[in-house]
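Trainee: This is the structure I have questions about; it appears just below.
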Amino acid sequence: MSNRPPGHVASSTRGPANRPHPETAREAPRRTRARTFLRTADGVPIDAVYEPGPTGRDPSDLVFVLAHGFTGDADRPHVRRIAGAFARHGAVVTFSFRGHGASGGRSTVGDREVLDLAAAVAWARGFGHGRVVTVGFSMGGSVVLRHAALYADDDAAGTDVVVSVSSPARWYYRGTAPMRRLHWLVMRPAGRLVGRYGLRTRIHHRDWDPVPLSPVEAVRRIAPTPLLVVHGDRDGYFPLDHPRMLAEAAGDHGELWLEPGMGHAENASNEALLDRIGDWAVAAAG
C-alpha cells in the first residue's frame with residue numbers, strides 16, 4: 212500500500228515511468244477466461260477478470276474495460292450484469308478499484324484510480340486486442356475521463372473510445388442528499404468505518420493534495436478520442452448541469468445522451484441502453 216498523498220496521481224500519471232508493471236501487459240494472447248491480480252504503477256494489487264466474449268472472432272476485436280462506481284467491485288451482481296451485456300459486443304475486462312473487493316490499497320475516490328484503470332487496459336491489450344473501449348459509471352465515469360486525458364499518448368495503457376455514464380463534471384459537489392451522505396462517508400472517521408464494514412470499501416483518510424484534474428477539465432484534453440456521455444434525467448446524485456458541462460467541454464468530438472426516466476449509474480442502466488452503448492462503441496472504434 213502506498214502512503215503517498217492521494218493527489219500524487221494528478222501530477223504524475225502521464226509518461227512511461229507510470230505505465231503498469233510489465234508483468235501485467237505482456238501475456239501471450241489467449242481466448243479463455245482469466246482472473247489475476249494486476250500490479251499498478253504505485254504497487255497496488257488489483258483484482259481483474261477477463262472474458263473473451265463472442266466466439267469465432269479475431270483476437271484483434273474490441274475489448275471493453277469496465278470501471279465500476281464507488282462501493283462496487285468485480286463480483287457485484289450489477290457489475291456482472293453490465294459485463295454480460297457488453298460481452299455480446301466484444302471481450303470484457305472487469306476489475307475492482309483499489310480499496311474495493313479483493314483489490315489492495317484504499318480508495319481515493321477517483322484520484323489514484325486512474326492507475327488501476329491503466330493497468331487493466333494494458334492487461335486487456337496483452338490478450339491481443341487492438342481496440343479498447345473504457346466504460347465507467349459514476350466514480351468510474353470520472354476515472355475514464357481522467358484516464359483518457361492523462362494516457363492520451365500511451366500506446367500500452369491508453370484507450371481508443373470512452374463512455375462515461377452518470378459522471379460528475381466537477382469535484383466537491385454537495386447539492387443533493389446522496390452526495391452529502393457520500394461526503395460524510397468519505398470525510399468522517401465514522402463514515403469510513405461504515406464504508407469498510409458495511410459497504411466492503413476501504414477509504415483513504417487523507418485529503419487530495421493536490422486536487423486532481425477535474426472531469427470537465429479532462430474532457431477538454433481527450434479529443435480526438437471518441438467520447439459518449441450518458442446521463443439520466445432522474446439522476447439523484449448529479450443534476451443535468453453536470454453532463455451538459457461535459458458535453459460543452461467535449462465539443463464536436465463528444466456525444467451526449469440524456470436518458471428519460473433513468474436514475475444513477477449501473478443499477479439504472481437497462482439492457483436496451485447497454486446494447487445501444489455497445490453498438491455505439493463498436494461503430495466508434497471502427
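Throughout the sequence shown, residue numbering follows my numbering, covering 212 to 497 in sequence.
Using N, Cα and C, we set each Cβ at its ideal position, and we do this for glycine too.
Using the Cβ count rule (16 or more neighbours within 10 Å means buried), how would you classify Glu234?
Mentor: Here residue 234 corresponds to residue number 23 of the sequence shown, with the count starting at 1. Only weak support is given to the placement of Glu234: the predicted model assigns it a pLDDT of 44, under 50, and the question is left unresolved by the model.
Trainee: Counting only runs that start and end within the region 334-361, where is the alpha helix (DSSP H) found for 4 or more residues in a row?
Mentor: Qualifying alpha helix (DSSP H) stretches, in chain order: 350-361.
Trainee: With distances taken from CA atoms, which of Gly280, Ile257, Asp452, Met456 is nearest Trp334?
Mentor: Here residue 334 refers to the residue found at position 123 when the sequence shown is read from its first residue. Nearest of Gly280, Ile257, Asp452, Met456 to Trp334, Cα basis: Ile257.
Trainee: What is the DSSP secondary structure of Phe289, counted as helix, strand or coil?
Mentor: For the purposes of this step, residue 289 is taken as residue 78 along the sequence shown, with counting starting at 1. Inspection of the sequence shows that residue 289 is occupied by His rather than by Phe. Correct three-state label for His289: helix.
Trainee: Could you check what DSSP says for Gly465 in three-state terms: helix, strand or coil?
Mentor: The sequence position of residue 465 within the sequence shown is 254, counting from 1. It is a strand residue.
Trainee: Closer than 6 Å by C-beta to Trp468: which residues in its own chain qualify, once you throw out the five before and the five after it? Chain order, please.
Mentor: Numbered from its first residue, the sequence shown carries residue 468 at position 257. Val441.
Trainee: In the DSSP assignment, the alpha helix (DSSP H) including Pro400 goes from what residue to what residue?
Mentor: Position 189 of the sequence shown, counted from the first residue, corresponds to residue 400. Taken as a continuous stretch (DSSP letters only), the alpha helix (DSSP H) holding Pro400 covers 400-409.
Trainee: Quick one: Cα of Leu396 to Cα of Tyr448, how far?
Mentor: For this step, residue 396 is matched to residue 185 along the sequence shown. For this step, residue 448 is matched to residue 237 along the sequence shown. Spanning the two alpha carbons is a distance of roughly 15 Å.
Trainee: Exposed or buried, what is Glu324 when buried is set at 16 or more other beta-carbons lying within 10 Å of its beta-carbon?
Mentor: The residue labelled residue 324 in the question sits at position 113 within the sequence shown. Buried, by the Cβ-count rule.
Trainee: Whole angstroms are fine: how far does the CA of Asp463 sit from the CA of Arg317?
Mentor: Position 106 of the sequence shown, counted from the start, is the residue given in the question as residue 317. Position 252 of the sequence shown, counted from the start, is the residue given in the question as residue 463. Distance between the alpha carbons of Arg317 and Asp463 is about 37 Å.
Trainee: State the start and end residues of the unbroken alpha helix (DSSP H) segment that holds Gly489.
Mentor: As a first step, residue 489 must be located in the sequence shown, where it is residue number 278. Segment 482-496, the alpha helix (DSSP H) holding Gly489.
Trainee: Cα separation between Ala495 and Val344?
Mentor: Along the sequence shown, read from residue 1 onward, the residue named residue 495 stands at position 284. Along the sequence shown, read from residue 1 onward, the residue named residue 344 stands at position 133. The straight-line gap from Cα to Cα measures roughly 9 Å.
Trainee: Where Leu328 and Phe308 are concerned, what is the direct C-alpha to C-alpha distance, given to the nearest angstrom?
Mentor: Residue numbering aside, residue 328 sits at position 117 when the sequence shown is read from its first letter. Residue numbering aside, residue 308 sits at position 97 when the sequence shown is read from its first letter. Straight-line Cα distance between these residues: approximately 8 Å.
Trainee: Measuring CB to CB, does Leu457 end up less than 9 Å from Leu361?
Mentor: Taking the sequence shown and counting its residues from 1, the one referred to as residue 457 is at position 246. Taking the sequence shown and counting its residues from 1, the one referred to as residue 361 is at position 150. Cβ atoms of Leu457 and Leu361: not closer than 9 Å.
Trainee: At which residues does the beta strand (DSSP E) containing Pro256 begin and terminate?
Mentor: Taking the first residue of the sequence shown as position 1, residue 256 is located at position 45. Taken as a continuous stretch (DSSP letters only), the beta strand (DSSP E) holding Pro256 covers 256-262.
Trainee: Out of curiosity, what's the CA-to-CA distance linking Gly369 and Phe338?
Mentor: Taking the sequence shown and counting its residues from 1, one reaches residue 369 at position 158. Taking the sequence shown and counting its residues from 1, one reaches residue 338 at position 127. If I take the Cα positions, the gap works out to 15 Å.
Trainee: What are the boundary residues of the alpha helix (DSSP H) that includes Ala476?
Mentor: Position 265 of the sequence shown holds residue 476. Its alpha helix (DSSP H) spans residues 476-479.
Trainee: In whole angstroms, give me the CA-to-CA distance for Arg385 and His300.
Mentor: For the purposes of this step, residue 385 is identified with residue 174 of the sequence shown, where counting begins at 1. For the purposes of this step, residue 300 is identified with residue 89 of the sequence shown, where counting begins at 1. About 36 Å.
Trainee: Taking 8 Å as the cut-off, does the region 278-296 touch the region 469-489 (at least 3 CB pairs, one atom from each stretch)?
Mentor: At 8 Å Cβ cutoff, the stretches touch.
Trainee: Kindly indicate which residue of Gly465, Thr247, Arg246 has the alpha-carbon position closest to the one of Ala359.
Mentor: Counting from 1 along the sequence shown, the entry for residue 359 is found at position 148. Measuring from the Cα of Ala359, the nearest candidate turns out to be Gly465.
Trainee: Measure the alpha-carbon distance for Ser377 versus Ala388 and round it to whole angstroms.
Mentor: Counting from 1 along the sequence shown, the entry for residue 377 is found at position 166. Counting from 1 along the sequence shown, the entry for residue 388 is found at position 177. Taking the straight line from one Cα to the other gives about 16 Å.
Trainee: Considering only their Cβ atoms, is the gap separating Leu485 from Phe297 smaller than 9 Å?
Mentor: The residue given as residue 297 occupies position 86 in the sequence shown. The residue given as residue 485 occupies position 274 in the sequence shown. Yes. Within cutoff.
Trainee: Taking the Cβ atom as the reference point for each residue, do Ala380 and Ser425 lie within a distance shorter than 9 Å?
Mentor: Here residue 380 corresponds to residue number 169 of the sequence shown, with the count starting at 1. Here residue 425 corresponds to residue number 214 of the sequence shown, with the count starting at 1. Cβ distance < 9 Å, so Ala380 and Ser425 count as in contact.
Trainee: How is His232 classed by DSSP in three states: helix, strand or coil?
Mentor: The residue you call residue 232 lines up with position 21 of the sequence shown. Unreliable positioning characterises His232 in this predicted model, as indicated by a pLDDT of 46, which lies under 50. A coordinate reading is not provided.
Trainee: Tell me the rounded alpha-carbon separation between Arg215 and Asp452.
Mentor: For this step, residue 215 is matched to residue 4 along the sequence shown. For this step, residue 452 is matched to residue 241 along the sequence shown. Its pLDDT being 34, under 50, Arg215 is placed unreliably in this model, and the value from its coordinates should be taken loosely. Distance between the alpha carbons of Arg215 and Asp452 is about 33 Å.
Trainee: Would you report the Cα separation of Val303 and Phe275, rounded to the nearest angstrom?
Mentor: Mapped onto the sequence shown, residue 303 falls at position 92. Mapped onto the sequence shown, residue 275 falls at position 64. So the alpha carbons of these two residues sit roughly 5 Å apart.
Trainee: Around the Cβ of Arg403, are there at least 16 other Cβ atoms within 10 angstroms (buried) or fewer (exposed)?
Mentor: Indexing the sequence shown from 1 puts residue 403 at position 192. Under this definition Arg403 is a buried residue.
Trainee: List the whole-angstrom C-beta distance separating Gly310 from Met350, where the pair is believed to meet the contact cut-off of C-beta under 8 Å.
Mentor: The residue labelled residue 310 in the question sits at position 99 within the sequence shown. The residue labelled residue 350 in the question sits at position 139 within the sequence shown. Actually they do not touch by this definition, with Cβ atoms about 11 Å apart.
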